[in-house]
Amino acid sequence: MLKLSKMFVFRKLRSFFNPEQFQGWGKQRKYFEGWYYKLVNAAENKALAIIPGIAMDEQGNRQAFVQLLDGKRKTAVYHKFDFSSFGATPGKLLVQIGENSFSEKHIQLSLPGIKGELNFSGNIPWPKPFYSPGIMGPYAYAPFMECYHGIVSMDHSISGELVMEEEKISFNGGRGYIEKDWGRSFPSAYFWLQTNHFSETGISLKASVAKIPWIRKSFTGFIAGLWLKDRLIRFTTYNSSSLIKSFADEHKLELVMENKRFRIEILAHRDKATALASPILGLMDGRIEESMTALTAVQLYDKKNRKVILDDTGRNSGLEVAGKISEIFV
Numbered sequence: 004m005l006k007l008s009k010m011f012v013f014r015k016l017r018s019f020f021n022p023e024q025f026q027g028w029g030k031q032r033k034y035f036e037g038w039y040y041k042l043v044n045a046a047e048n049k050a051l052a053i054i055p056g057i058a059m060d061e062q063g064n065r066q067a068f069v070q071l072l073d074g075k076r077k078t079a080v081y082h083k084f085d086f087s088s089f090g091a092t093p094g095k096l097l098v099q100i101g102e103n104s105f106s107e108k109h110i111q112l113s114l115p116g117i118k119g120e121l122n123f124s125g126n127i128p129w130p131k132p133f134y135s136p137g138i139m140g141p142y143a144y145a146p147f148m149e150c151y152h153g154i155v156s157m158d159h160s161i162s163g164e165l166v167m168e169e170e171k172i173s174f175n176g177g178r179g180y181i182e183k184d185w186g187r188s189f190p191s192a193y194f195w196l197q198t199n200h201f202s203e204t205g206i207s208l209k210a211s212v213a214k215i216p217w218i219r220k221s222f223t224g225f226i227a228g229l230w231l232k233d234r235l236i237r238f239t240t241y242n243s244s245s246l247i248k249s250f251a252d253e254h255k256l257e258l259v260m261e262n263k264r265f266r267i268e269i270l271a272h273r274d275k276a277t278a279l280a281s282p283i284l285g286l287m288d289g290r291i292e293e294s295m296t297a298l299t300a301v302q303l304y305d306k307k308n309r310k311v312i313l314d315d316t317g318r319n320s321g322l323e324v325a326g327k328i329s330e331i332f333v
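Under our numbering, the final residue of the sequence shown carries the number 333; numbering is consecutive throughout.
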């Protein structure tokens, strides 16, 4: 028994410092965990989000799922599985749900209406030193957060093909992105966007703003990362950055953030969105809406050298505007 206990503690610690791995060891109630795989083919006429995960409600009822969002057709399908079909490998990101498999380097799908295998290369992970394990930074150490977040790959290339409703679709030369969430519930209000389709490859943007419950109160937290060829420029609540503007209406989302060296201005033009299932106290009973066809204008200004170093528009942007958004206006 002591040996098993030590193994369990080691497994928990190892996964904690590697957010991409399964975090739910020992969880029985009010818990969800899901990975988000964004897939865009080279022609940019196919944009998919594949979301595998698990959900546990307050009574301990458990399920596994694979959710599929077709960003171009603007449709979504939720495939529910018995929890016993879920498996996670300790020490690395490798998740199986039935005959479907997911890792940092591949996905293999065998679902009604979609089958095939894709491989990923050139992955760009978010740094994870021990004092700041992943995109959550020091907040990863807070044991009472309602939702934790991780970036598996900011950008990578795709090879392979999928068969969707008897149509073969090549993803050779496509671009991908992978992130994940785990905890009890999504924030009651948040903005989220991501795009890695700019005028040149090697540029990727992820940004989010959310209402964060914190010891009987709450605050507006924000995280943005811009991968620019060979470096990651970060704007976060915990690295002395400032959220200058945060606003959305039915047509657009505007974000302005600033750190000691850079200022980033983001203007996303909203497009028709598709409803997805989202977690509330572990149960996938919530509904959010996501678009994968938004356009995102991005300008990055170097304050030290007083010049604009990026002025571009990202295509195929994933965009979510959810909840009581006026609570996170700045």
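We treat Cβ as the ideally placed atom computed from N, Cα and C, and that holds for glycine.
Buried or exposed for residue i, please, with buried defined as at least 16 other CB atoms from any protein chain shown within 10 angstroms of its CB.
i: Glu102; result: exposed
i: Leu115; result: Reading off the sequence, residue 115 comes out as Pro, not Leu. Classification for Pro115: exposed.
i: Pro146; result: exposed
i: Ser243; result: exposed
i: Arg237; result: buried
i: Leu5; result: Because Leu5 sits at a pLDDT of 45, beneath the cut-off of 50, its placement in the model cannot be relied upon, and the point is left open.
i: Leu313; result: buried
i: Ile328; result: buried
i: Glu182; result: buried
i: Ser320; result: buried
i: Glu203; result: exposed
i: Leu7; result: Here the model assigns Leu7 a pLDDT of 49, short of 50, so the residue's position is not dependable, and the following value carries that caveat. By the neighbour-count rule (16 or more Cβ atoms within 10 Å), Leu7 is not buried but exposed.
i: Phe123; result: buried
i: Val155; result: buried
i: Phe35; result: buried
By the DSSP assignment, the beta strand (DSSP E) with residue i in it spans what residues?
i: Pro55; result: 50-59
i: Ile267; result: 265-272
i: Val259; result: 255-261
i: Gln70; result: 65-73
i: Thr239; result: 234-239
i: Leu322; result: 310-326
i: Pro282; result: 277-283
i: Tyr144; result: From DSSP, Tyr144 is part of no beta strand (DSSP E); its letter is neither H nor E.
i: Arg290; result: 286-305
i: Trp38; result: 34-43
i: Asp184; result: 177-186
i: Trp195; result: 192-198
i: Ile247; result: 245-251
i: Lys171; result: 170-173
Mind reading off the beta-carbon distance from residue i to residue j? Whole number of angstroms is fine, and I expect it under 8 Å.
i: Asn44; j: Ile172; result: 6 Å
i: Ala210; j: Ala227; result: 4 Å
i: Ala276; j: Glu293; result: 6 Å
i: Gly153; j: Gly137; result: 5 Å
i: Gly186; j: Met157; result: Wrong, their Cβ atoms sit about 22 Å apart, outside the cutoff.
i: Glu107; j: Trp195; result: Rounded, the Cβ-Cβ distance is 21 Å, inconsistent with contact.
i: Gly176; j: His159; result: About 12 Å; that fails the 8 Å criterion.
i: Arg32; j: Gly285; result: 7 Å
Do we get a CB-CB distance below 8 Å when we pair residue i with the residues of chain B?
i: Ala91; result: This model lacks chain B altogether; it includes just one protein chain.
Handout entry: Secondary structure, beta strand (DSSP E): runs of 3+ residues fully inside the stretch 85-136
Key = Here the runs fully enclosed are 89-91, 97-100, 103-106, 109-114, 117-124.
Practice task
Could I get the ranges of all uninterrupted beta strand (DSSP E) runs contained in the stretch 203-228, with 3 residues as the minimum, in chain order?
Solution key: Counting only runs that start and end inside the stretch 203-228, the beta strand (DSSP E) elements of at least 3 residues fall at 206-217.
Problem - Any 3 or more C-beta pairs closer than 8 Å across the stretch 50-59 and the stretch 88-103 - result: At 8 Å Cβ cutoff, the stretches touch.
Handout entry: Touch test, the stretch 176-195 against the stretch 213-231, Cβ-Cβ under 8 Å, three pairs minimum
Key = The answer is yes - the stretch 213-231 touches the stretch 176-195, with three or more Cβ pairs under 8 Å.
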